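Participant: The structure follows.
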């Protein structure tokens, strides 16, 4: 799991860690990748390889995440996420919550973040590819795209080398799809992924637990992906609606001054 993906999730796997047959400390101490770990990593790598071959895809995801409030109390929030991707330089994400709608648009030159509910938008110049843009957004603007890991698996930046232990849990039914479930231990996060069975390896679900916080907030997304989806070019462009106000975007350099 990439740092970008982990930050995006922000948000315990007690039962699943037990299924691995090791306590978390023991898992971290065992840095040698056994056969089960290698098999699980290979499954994600193969899924990533197939994702990298796609020239475009669409995603609809039902997302649930924990918001840590006072005294470590967890409040679950829910969102619907729709992502349209055209490799290498077109991306649009729509995030719909109960009382907030926002979008992120990338056209190969500029990223626009638009809060439709509030009527504000902000922009920054972007690199030439989706992956580079996601990295810049996270590192310089503290902007996290939901499910960003889907753009990094299958590359040298997937951070799968940081996995300390993993195993296949078994098959599962996710929205009527038969998927294989894998669980991973990595640094201060535990994460699971469900991958479709058969020749075409697509993500069905992603779940993450942040072990760095005492409350252990969780994030999960049930994913429905459409490979090689077609989009009109206008999907990746942004024209400010009447009355929308442009504001400055947060940057790390500005914050340090």
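Numbering (mature numbering (1 follows the signal peptide of the UniProt record, and there is no 0)), first residue to last: -28 to -1, 1 to 229. Ideal Cβ positions, reconstructed from N, Cα and C, are used throughout, including at glycine. Source: prediction; values computed, not measured.
With three or more C-beta pairs closer than 8 Å as the rule, is the stretch 10 to 28 touching the stretch 185 to 193?
Facilitator: No, the stretch 185 to 193 is not in contact with the stretch 10 to 28.
Participant: Looking at the structure shown, is residue 4 part of a helix, part of a strand, or coil, going by DSSP?
Facilitator: Here residue 4 refers to the residue found at position 32 when the chain shown is read from its first residue. In this prediction, residue 4 has a pLDDT of 48, which is less than 50 and means its spatial position is unreliable; nothing more can be read from the coordinates.
Participant: Would you kindly work out how many angstroms separate the C-alpha atoms of residue 48 and residue 54, rounded to a whole number?
Facilitator: Numbered from its first residue, the chain shown carries residue 48 at position 76. Numbered from its first residue, the chain shown carries residue 54 at position 82. The alpha-carbon atoms of residue 48 and residue 54 are separated by roughly 20 Å.
Participant: Taking all protein chains shown into account, do 16 or more other C-beta atoms lie within 10 angstroms of the C-beta of residue 97, making it buried, or fewer, making it exposed?
Facilitator: Working through the chain shown from its first residue, we reach residue 97 at position 125. When all chains shown are included, residue 97 counts as exposed.
Participant: Hey, how far is the Cα of residue 52 from the Cα of residue 88?
Facilitator: Sequence index remark: in the chain shown, residue 52 carries index 80 (1-based). Sequence index remark: in the chain shown, residue 88 carries index 116 (1-based). If I take the Cα positions, the gap works out to 15 Å.
Participant: Is residue 116 helix, strand or coil by DSSP?
Facilitator: Taking the first residue of the chain shown as position 1, residue 116 is located at position 144. Looking at residue 116 - three-state DSSP - the assignment turns out to be coil, as it is neither helix nor strand.
Participant: Would you be able to state if there are at least three C-beta pairs under 8 Å between the stretch 52 to 71 and the stretch 208 to 221?
Facilitator: Result yes; three or more Cβ-Cβ pairs closer than 8 Å.
Participant: Decide if the stretch 134 to 153 is in contact with the stretch 114 to 124; the criterion is three or more beta carbon pairs, one per stretch, under 8 Å apart.
Facilitator: With a cut-off of 8 Å, the stretch 114 to 124 and the stretch 134 to 153 do not count as touching, because too few Cβ pairs lie within range.
Participant: Hey, is the stretch 25 to 43 in contact with the stretch 194 to 201, meaning 3+ C-beta pairs nearer than 8 Å?
Facilitator: Enough Cβ pairs lie closer than 8 Å, so yes.
Participant: Name the residue from 58, 46, 116 and 8 whose alpha carbon lies nearest to the alpha carbon of residue 101.
Facilitator: Stepping through the chain shown from its first residue, residue 101 is reached at position 129. Comparing Cα positions, the closest option is 58.
Participant: Look up residue 96 in the DSSP assignment and give the residues it is bridged to.
Facilitator: Against the chain shown, residue 96 aligns to sequence position 124. DSSP output for residue 96 lists 83 as bridge partner(s).
Participant: For residue 14, does the three-state DSSP call read helix, strand or coil?
Facilitator: Translated into positions along the chain shown, residue 14 becomes position 42. The answer is helix: DSSP assigns residue 14 an H, G or I state.
Participant: I'd like the list of long-range same chain contacts for residue 184, defined as Cβ closer than 6 Å, with 5 residues on each side in sequence excluded.
Facilitator: Residue mapping note: residue 184 aligns to position 212 of the chain shown, counting from 1. For residue 184, where only same-chain residues beyond five positions count, the Cβ hits under 6 Å are 160.
Participant: Would you mind reading off the limits of the beta strand (DSSP E) that contains residue 166?
Facilitator: Taking the first residue of the chain shown as 1, we reach residue 166 at position 194. Start and end: 161 to 168.
Participant: I'd like the span of the beta strand (DSSP E) that includes residue 239, first residue to last.
Facilitator: As shown, the chain starts at -28 and ends at 229. That puts residue 239 outside it, with no answer to give.
Participant: Would you tell me roughly how many angstroms separate the C-alpha atoms of residue 221 and residue 141, rounded to the nearest one?
Facilitator: Along the chain shown, read from residue 1 onward, the residue named residue 221 stands at position 249. Along the chain shown, read from residue 1 onward, the residue named residue 141 stands at position 169. If you take the alpha carbons of residue 221 and residue 141, they lie about 42 Å apart.
Participant: Quickly, what does DSSP pair residue 54 with across the bridge? List them, please.
Facilitator: Reading the chain shown from its first residue, position 82 is the one you call residue 54. Paired residue(s): 32 and 66.
Participant: Tell me whether residue 140 sits in a helix, a strand or coil according to DSSP, three-state version.
Facilitator: Your numbering for residue 140 matches position 168 in the chain shown. Reduced to three states, the DSSP call for residue 140 is strand.
Participant: For the candidate residues 78, 146, 202 and 130, whose alpha-carbon lies nearest to that of residue 115?
Facilitator: The residue given as residue 115 occupies position 143 in the chain shown. It is 78 whose Cα lies nearest to the Cα of residue 115.
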